[in-house]
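In the numbering used here, the protein residues as written are 4 to 389.
Here is the structure:
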């Protein structure tokens, strides 16, 4: 069994995080991953939208209603997950909250939802262990933010939620340093090969992960390009304490995603994704007519993206994105926008979450144990000095 500092800090059985993937619900997936010993995350972005009725009617103990308050929707979702983990006291889960500047007021509501749940149901703290913030600057959410160099101060996460383990997704070393200054507990270093929202600059996990590990004095989780035991073993070799996976978890039987999307991931190769302007920044999609239309509009109206420079989106891109996401409901493989990482080229099946996690851990363990047989380290008593 592989044991890292990840399990020591968070209390899971395995060093695996199921990524937040808003605006899509990951509620069922979160429950399945938590039951199997990984860290499941509730996705929140979609809860701020007009339609939040993602729990099946036959399995719903409450009615979210349409256009419900994001805070109340998240509180109900946390209760929903907690109730279904009642017989799994060792299971751990968390919430992913984007903190992009344009999303600040809603981000604050989501954080207040967690604060209120902890006040109303203190027992939830034993299982809701983690908050993952992403897509924005963590410093305004730090204790004494302005004294630490932030121009703004929104809500002091570690003061309001002292028991929570705060993780921040970082696409570059500069962001990791800023996250460390913010007081986060774990940094998730996310390479650009990841699906959905990704960095403005094209830095892969192979470069980013070891450099973040070298630079900061915090535990680091790898994200972007991880899908199996081989990539988990590689992440550990690069200095990570675990991995976060999104695309690989979409293509599981319990994933809260359309079957067509899952099947397209299995069919796709490592060359079948492309990056265009997304909701908060660059976004990686499966290549199809819908995503290519996004690319055309990005070239016309947000071309600085391809120069590695942050740039605003356009009204036309927003309209195309809304249309593409809605087409997912119809399972239209040409008109739907489907997020996916480059790792789709290594996805060849749609397993259960149980089988996926077991195969990842078994393969990683076998690889690590086999290294001494494959690699010999020769000690030289008299090294040559030129």
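Glycine is no exception: its CB is placed at the ideal position from the N, C-alpha and C atoms.
Going by beta-carbon coordinates alone, are residue i and residue j separated by less than 7 Å?
i: residue 17; j: residue 43; result: no
i: residue 198; j: residue 343; result: yes
i: residue 296; j: residue 340; result: no
i: residue 413; j: residue 122; result: No answer is possible for residue 413: the residues shown for the chain start at 4 and end at 389.
i: residue 338; j: residue 330; result: yes
i: residue 347; j: residue 250; result: yes
i: residue 244; j: residue 8; result: yes
i: residue 142; j: residue 111; result: no
i: residue 395; j: residue 260; result: This structure does not reach residue 395, given that the chain is present from 4 up to 389, and the question cannot be answered.
i: residue 313; j: residue 203; result: yes
i: residue 26; j: residue 48; result: yes
i: residue 366; j: residue 232; result: yes
i: residue 33; j: residue 98; result: no
i: residue 394; j: residue 81; result: Residue 394 lies beyond the residue range present for the chain, which begins at 4 and ends at 389; the question has no answer from this structure.
i: residue 304; j: residue 317; result: yes
i: residue 246; j: residue 35; result: no
i: residue 158; j: residue 114; result: yes
i: residue 292; j: residue 308; result: no
Beta strand (DSSP E) containing residue i: first to last residue?
i: residue 241; result: From DSSP, residue 241 is part of no beta strand (DSSP E); its letter is neither H nor E.
i: residue 287; result: 285 to 289
i: residue 276; result: 276 to 280
i: residue 137; result: 131 to 137
i: residue 96; result: 95 to 101
i: residue 193; result: 189 to 193
i: residue 19; result: 19 to 21
i: residue 43; result: 42 to 46
i: residue 225; result: 223 to 226
Please classify residue i as buried or exposed, where buried requires at least 16 other C-beta atoms within 10 Å of its C-beta.
i: residue 185; result: buried
i: residue 217; result: exposed
i: residue 310; result: exposed
i: residue 300; result: buried
i: residue 333; result: exposed
i: residue 4; result: exposed
i: residue 240; result: exposed
i: residue 269; result: exposed
i: residue 125; result: exposed
i: residue 11; result: exposed
i: residue 383; result: exposed
i: residue 321; result: exposed
i: residue 6; result: exposed
i: residue 352; result: exposed
i: residue 130; result: buried
What are the boundary residues of the alpha helix (DSSP H) that residue i is part of?
i: residue 169; result: Not the alpha helix (DSSP H): residue 169 falls in the beta strand (DSSP E), residues 168 to 173.
i: residue 212; result: 208 to 218
i: residue 178; result: 176 to 185
i: residue 372; result: 356 to 377
i: residue 380; result: Per DSSP, residue 380 belongs to no alpha helix (DSSP H) and is neither H nor E.
i: residue 263; result: 262 to 270
i: residue 119; result: 107 to 123
i: residue 302; result: 292 to 304
i: residue 28; result: Run containing residue 28: none; DSSP gives neither H nor E here.
i: residue 350; result: Run containing residue 350: none; DSSP gives neither H nor E here.
Excluding five sequence neighbours on each side, which residues of the same chain lie with their C-beta closer than 6 Å to the C-beta of residue i?
i: residue 160; result: 144 and 169
i: residue 319; result: 300
i: residue 138; result: 101, 103, 200 and 283
i: residue 211; result: 192 and 194
i: residue 315; result: none
i: residue 155; result: 143
i: residue 136; result: 100, 102 and 171
i: residue 379; result: none
i: residue 266; result: none
i: residue 381; result: none
i: residue 188; result: 168 and 169
I believe residue i touches residue j by the beta-carbon criterion, under 8 Å. Please report the beta-carbon distance rounded to the nearest angstrom.
i: residue 281; j: residue 200; result: 6 Å
i: residue 88; j: residue 37; result: 6 Å
i: residue 224; j: residue 191; result: 5 Å
i: residue 132; j: residue 23; result: With 8 Å as the limit, residue 132 and residue 23 do not qualify as a contact, their Cβ atoms being about 15 Å apart.
i: residue 134; j: residue 105; result: The pair is not a contact, with the Cβ atoms about 20 Å apart (cut-off 8 Å).
i: residue 219; j: residue 179; result: 5 Å
With a threshold of 7 Å on Cβ separation, who are the neighbours of residue i within its own chain once the five nearest residues in sequence on each side are excluded?
i: residue 118; result: 163 and 164
i: residue 290; result: 275, 276 and 277
i: residue 345; result: 196, 228, 273 and 276
i: residue 31; result: 257 and 259
i: residue 146; result: 159, 161, 162 and 186
i: residue 377; result: none
CB-CB under 8 Å to residue i, same chain, minus the five flanking residues each way: which ones, in chain order?
i: residue 359; result: 251, 252 and 255
i: residue 206; result: 174, 175, 194 and 195
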